[in-house]
Amino acid sequence: MMRRFSPILLSTLTFTLIAWTGLRGQPKISDEDRLYKLALSYEASGDLPGAARTYQELLKSDPDSRNYFEGLKRVWLQLGRFDALAPVVAERLVRFGNDVDLLILHAELLHRSGKGGEADNAWKSALSVGAKDVDSYIKVGQSQMGLRLFDKAVAVYEQARQRFGRNSLIADRLGRLYAILGDYKKSANEYLDMLSEGSGRLSYVQSGLSLITDTPAGVEAAIEVTQHLVEVRKGRTEYLELLSWLYSEKGDDSSAFEVVKRLDRERNGRGSEIYAFADKMLRVGKYGEAIRAYEYFLKEFDKDHPLTPSVVYSYVFALQQRYSEEGNLSKVAATELINQYREVLEYGKSGSIGEGARLAIAQLQADVLNQPEEGLKVLESDPFDQRSTNSLEALLLRADLTLRTADILEARQLYRQATEHQGNSYEAERLRDVARLKYAETLLFSGDYTEAVDSLTVLTNDVGSNAANDALDWLILLQEHLKKDEASLKHFVDGRYQMRRRDWKEAIISAEAAVAESRDESLADDALFMKVVALRNLERYGEAVETALQIVEEYSDGTHADQALFLAAEISEINMADTERAMQLYTRVLVEYPISQRATEARDRIRMLRGEGM
1 MMRRFSPILL STLTFTLIAW TGLRGQPKIS DEDRLYKLAL SYEASGDLPG AARTYQELLK
61 SDPDSRNYFE GLKRVWLQLG RFDALAPVVA ERLVRFGNDV DLLILHAELL HRSGKGGEAD
121 NAWKSALSVG AKDVDSYIKV GQSQMGLRLF DKAVAVYEQA RQRFGRNSLI ADRLGRLYAI
181 LGDYKKSANE YLDMLSEGSG RLSYVQSGLS LITDTPAGVE AAIEVTQHLV EVRKGRTEYL
241 ELLSWLYSEK GDDSSAFEVV KRLDRERNGR GSEIYAFADK MLRVGKYGEA IRAYEYFLKE
301 FDKDHPLTPS VVYSYVFALQ QRYSEEGNLS KVAATELINQ YREVLEYGKS GSIGEGARLA
361 IAQLQADVLN QPEEGLKVLE SDPFDQRSTN SLEALLLRAD LTLRTADILE ARQLYRQATE
421 HQGNSYEAER LRDVARLKYA ETLLFSGDYT EAVDSLTVLT NDVGSNAAND ALDWLILLQE
481 HLKKDEASLK HFVDGRYQMR RRDWKEAIIS AEAAVAESRD ESLADDALFM KVVALRNLER
541 YGEAVETALQ IVEEYSDGTH ADQALFLAAE ISEINMADTE RAMQLYTRVL VEYPISQRAT
601 EARDRIRMLR GEGM
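Sequential numbering of the sequence shown, starting at 1, is according to the numbering used here.
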């Protein structure tokens, strides 16, 4: 008769059977595995001696294990235990004598122990074992380079070239080695040989040659080799492109341009290479070379050339930048520039070039000719593309010029429109930040301090805002002086308003009133610094210097003292041509304010005035 079991008993038996089967199926962790994990944890935690001991124990139990050997090797190399590692490697070579990496390591350890001859034999053995693989030669060369055995590495790579023929990896390593050894001509030859593979290698070749172009002898060697190849490999214009780049690296932009003219002819570029060179010079601030290239283009190509509008605009812009850099952008020069920008408009008032020309004309009329109303007419004569950043820049400039005409309410409305512009570029966001700050400032100029504080606070809450620091400066000023020093604060704010309007005389009057009524040094030195800037704009340079030095004397611990001293030196140098006094004042910046942000610039100015290299 069949026995009946209760359901509970059956369930218990089933569960026990399943659990026993599962446990039986789990792999048993060996002692070696636990030790290996322990060694890895020692290594990861930085306990290298503990890791070494554990790896040694593991390697004794399994001498053929690659993992245990690699672990011990890593640790002992980090600890510098070359003497301990050497016999382990030698013993392992008995079993793995055809391991190229092991032979190379053996050679390195022999060299470190002073056995140079034996090391050379070990490297030769590695090359013999890996004779059919170029990687073996590369590994041996790298090993020798790591030990600063540069001549030996050169010999290995040359041997590899003889065996395997042209190889860019070998050429690159030889180029680096010859650069280290100071054999710049051979280094240049190695990299230039890569260019024979095609123009697509040009950027790689330039990267390699940059190892030697930072030394006069190196760049001269590279130029010599390239000049030869230009003539030997005629029709290969990439060599001309490289030669122009090398001249630029040398700082010889004149020769670089002569090569570019030839490059443009041989590529039938119809001025595209000329324009590219000029544009590069403009971007790096070499306005003289840019102007020369633009003038050459305008002489060689007619007005119907598709690049002519861009060239004319960039040419006039380069002229303007050079005037500004030299500090001699006079009204006569500004008028001439305006006329030249108007020539650009003959090609069209729309598009980035036409809009850029109109912006430049308006800026020159307002800033140099002091005719903000005329600037406004230019900006309002034709619409700007509302999708472009130029339209936002034009709107912001309109607001600035409207403020110059003393129409604060209209200016405020324009600044508000600028903050709502839909441009999504980084530049558009930066300009919107500027508009937000200037909007808040118009509230200050009108005496609406409460609303101004709200607007400025919003700006400071946006940590990504470019105008946050300026907004914070205003808030600190208001917090410190609004209640206890309101009369002086009002004069200071009026002065800032007149500075924005470029009414320098009224700004000076307001600054002096702020100082006279100030009960706090921090506001007084702010006002005096504003006076210095206004005096400089009025070309009253002597008074500007004396006022700047007054700040240094009376408010030496103030926020403007270091800047005032530097500004006094700069005015002495640039506006008064008093080199001796400028040197004295720049030196005072270094001595009295050594950690100032202006100290580095002061040091550079001293070197330049002394005629020393920058």
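Beta carbons are placed, not taken as given, at the ideal position from N, Cα and C, and that holds for glycine.
What separation, rounded to the nearest whole angstrom, lies between the Cα atoms of residue i and residue j?
{"i": "D214", "j": "E258", "result": "22 Å"}
{"i": "G25", "j": "K60", "result": "Summary for G25: the model assigns pLDDT 49, below 50, so the residue's position carries little reliability; its value from the coordinates is reported in the next sentence. Cα to Cα, the separation comes out at about 30 Å."}
{"i": "D99", "j": "K280", "result": "53 Å"}
{"i": "L9", "j": "D31", "result": "Reliability fails at L9, whose pLDDT of 37 lies under 50, so the model's placement of it is uncertain and the value that follows must be treated cautiously. Distance between the alpha carbons of L9 and D31 is about 39 Å."}
{"i": "A513", "j": "F529", "result": "13 Å"}
{"i": "L174", "j": "G271", "result": "38 Å"}
{"i": "K490", "j": "E441", "result": "13 Å"}
{"i": "K349", "j": "Q498", "result": "33 Å"}
{"i": "Y439", "j": "L243", "result": "52 Å"}
{"i": "L414", "j": "A544", "result": "34 Å"}
{"i": "L615", "j": "L202", "result": "No statement about residue 615 is possible, as the shown extent of the chain runs from 1 to 614 and does not include it."}
{"i": "T450", "j": "A293", "result": "55 Å"}
{"i": "S125", "j": "R267", "result": "52 Å"}
{"i": "G218", "j": "E190", "result": "13 Å"}
{"i": "E410", "j": "Y315", "result": "35 Å"}
Reducing DSSP to helix, strand and coil, say where residue i ends up.
{"i": "I212", "result": "coil"}
{"i": "R148", "result": "coil"}
{"i": "H305", "result": "coil"}
{"i": "N268", "result": "coil"}
{"i": "L329", "result": "coil"}
{"i": "D470", "result": "helix"}
{"i": "G348", "result": "coil"}
{"i": "E612", "result": "coil"}
{"i": "M499", "result": "helix"}
{"i": "T405", "result": "coil"}
{"i": "I551", "result": "helix"}
{"i": "E601", "result": "helix"}
{"i": "K505", "result": "helix"}
{"i": "N189", "result": "helix"}
{"i": "T21", "result": "Model confidence at T21 stands at a pLDDT of 47, short of 50, so the residue's coordinates are unreliable and nothing is read from them."}
{"i": "P594", "result": "coil"}
{"i": "A131", "result": "coil"}
{"i": "R233", "result": "coil"}
{"i": "G182", "result": "coil"}
{"i": "Q386", "result": "coil"}
{"i": "L482", "result": "coil"}
{"i": "R166", "result": "coil"}
{"i": "K286", "result": "coil"}
{"i": "S244", "result": "helix"}
{"i": "G251", "result": "coil"}
{"i": "D448", "result": "coil"}
Would you mind working out which of the options sits nearest residue i, comparing C-alpha positions?
{"i": "V368", "options": "K438, L337, L395", "result": "L337"}
{"i": "T579", "options": "A452, G611, A318, L590", "result": "G611"}
{"i": "E465", "options": "L475, E231, L431, L478", "result": "What sits at residue 465 in the sequence shown is Ser, not Glu. The candidate whose alpha carbon is nearest that of S465 is L431."}
{"i": "I212", "options": "L437, V230, Y184, H228", "result": "Y184"}
{"i": "I353", "options": "S168, T389, Q227, Y42", "result": "T389"}
{"i": "A366", "options": "L472, Q340, D385, A399", "result": "A399"}
{"i": "A511", "options": "R502, H228, N370, R496", "result": "R496"}
{"i": "S522", "options": "Q498, I509, V88, E480", "result": "E480"}
{"i": "Y239", "options": "L319, L192, R265", "result": "L192"}
{"i": "A256", "options": "D264, W245, S207, P216", "result": "W245"}
{"i": "R581", "options": "A471, G542, L359, F164", "result": "G542"}
{"i": "A406", "options": "L263, L437, A394, S446", "result": "S446"}
{"i": "F69", "options": "D101, D47, G46", "result": "D101"}
{"i": "Q550", "options": "N537, E539, D253, A568", "result": "A568"}
{"i": "D33", "options": "G50, A44, N67", "result": "N67"}
{"i": "T237", "options": "I170, G218, V260, M608", "result": "V260"}
{"i": "D470", "options": "L443, V434, Q142, K483", "result": "V434"}
{"i": "M576", "options": "E546, D448, V589, E220", "result": "E546"}
{"i": "A290", "options": "G269, R265, Q320", "result": "Q320"}
{"i": "A534", "options": "V552, A507, E592, L397", "result": "A507"}
{"i": "G235", "options": "A221, R262, S248, E295", "result": "R262"}
{"i": "A222", "options": "Q363, V75, K250, A452", "result": "K250"}
Am I right that residue i and residue j are in contact with their C-beta atoms under 8 Å? What's the rounded C-beta distance?
{"i": "I606", "j": "Y586", "result": "5 Å"}
{"i": "Y137", "j": "L127", "result": "7 Å"}
{"i": "V532", "j": "A548", "result": "5 Å"}
{"i": "A44", "j": "Y55", "result": "Actually they are not in contact, since the Cβ atoms of A44 and Y55 sit about 13 Å apart, beyond 8 Å."}
Residue ranges of each beta strand (DSSP E) within the region 353 to 382, 3 or longer: none
Alpha helix (DSSP H) segments (min. 4 residues) lying fully within the region 25 to 61: 31 to 45, 48 to 61
Inside the region 55 to 114 only - alpha helix (DSSP H) runs reaching at least 4 residues: 66 to 79, 82 to 95, 100 to 112
Complete alpha helix (DSSP H) runs within the region 520 to 585 (minimum length 4 residues, chain order): 521 to 537, 541 to 554, 561 to 570
Alpha helix (DSSP H) segments (min. 4 residues) lying fully within the region 388 to 434: 389 to 404, 408 to 419
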